[in-house]
Amino acid sequence: MSETVLYLIPSDPYWQPDQVASSRAMVLAEELCSDALGDVEVDESDAPAFINGAGLESVSCPRCGAQLDFHGWWMTRMDEAYRDRSVPSLAVKVPCCGTDTTLNDLVYNVPSGFARFRLRVWSPNRHMLSDEDLTRIGDALGHPARQIWSLI
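Just so we're aligned, residue 1 is where the sequence shown starts under this note's numbering, counting upward by one.
Dropping the structure here:
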């Protein structure tokens, strides 16, 4: 059986808050998700981890909007990003229009992204955070934040 997880991550995949900001954001996430059936946790890593949103099926170019080959081009770029690297390079050149971008900045059909710092709310028992709530999380962290809903 899968479990819904709300991830709150910085918009910059390499950015991490200090301990005070991390704790402040965690307390706010607990407040915003007070009906959660599970815990609120902080997860950090040396390298950005990919957090895929529930229902991830496709990816598009952020410049021209062309749909990219999800099972071919994108998966190959993901493999290359993490192969033999302790900290991956997320830089890519899209095949459609040759734009230089990053795996983090591609347009995913559902919110998805990369992050070294992740606030995880297990079974949040609520709908998406409002823009105002997401701004509050970003203010608590000291960096703009994004939300990703995932099934684990």
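Positions of the beta carbon are idealized from the N, C-alpha and C atoms, including for glycine.
Suppose only complete runs of 3+ residues qualify. What are the beta strand (DSSP E) ranges in the segment 26-75, listed by chain order?
Fully enclosed beta strand (DSSP E) runs of 3 or longer: 40-51.
From Tyr82 to Ala115, what distance separates their C-alpha atoms?
If you take the alpha carbons of Tyr82 and Ala115, they lie about 14 Å apart.
Count the other C-beta atoms from every protein chain shown that fall within 10 angstroms of the C-beta of Leu37, then say buried if there are 16 or more, exposed otherwise.
Exposed: under 16 other Cβ atoms inside 10 Å.
Determine the DSSP secondary structure at Arg136, reduced to helix, strand or coil.
If DSSP states are grouped into helix, strand and coil, Arg136 belongs with the helices.
Closest to Arg120 by CA distance: which of Asp131, Gly98, Leu90 and Glu41 is it?
When only C-alpha atoms are compared, the closest one is Glu41.
Counting only the same chain and skipping the five closest in sequence on each side, list residues whose C-beta sits under 7 Å from that of Pro88.
Annotation for Pro88: Ala47, Pro48, Ala81 and Tyr82 place their beta carbon closer than 7 Å to its own, counting only its chain and skipping 5 residues before and after.
Length of the line joining the Cα atoms of Glu44 and Phe117
When only Cα atoms are considered, Glu44 and Phe117 end up about 5 Å apart.
So, with DSSP's three-state summary, where would you put Val121?
In this structure, Val121 counts as strand in the three-state DSSP scheme.
Hey, quick one: how far does the beta strand (DSSP E) through Pro10 stretch, first residue to last?
Here the beta strand (DSSP E) through Pro10 covers Thr4 to Pro10.
Determine which residues share a DSSP beta bridge with Thr99 and list them.
Its beta-bridge partners do not exist; DSSP assigns none.
Would you mind stating whether Pro111 and Ile137 have Cβ atoms separated by less than 9 Å?
Taking 9 Å as the Cβ cut-off, Pro111 and Ile137 do not qualify as a contacting pair.
Buried/exposed call for Ile85, threshold 16 Cβ in 10 Å:
Here residue 85 turns out to be Arg, not Ile, going by the sequence shown. The residue in question, Arg85, is exposed, as its Cβ has fewer than 16 Cβ neighbours within 10 Å.
Look up Gly142 in the DSSP assignment and give the residues it is bridged to.
Answer is none; Gly142 lacks a bridge partner.
Local conformation of Arg126 per DSSP, three classes:
Correct three-state label for Arg126: coil.
For Pro62, count neighbouring C-beta atoms within 10 Å of its own C-beta (all shown protein chains included) and say buried if the count is 16 or more, exposed if not.
Counting the other Cβ atoms within 10 Å of the Cβ of Pro62 gives fewer than 16, which makes it exposed.
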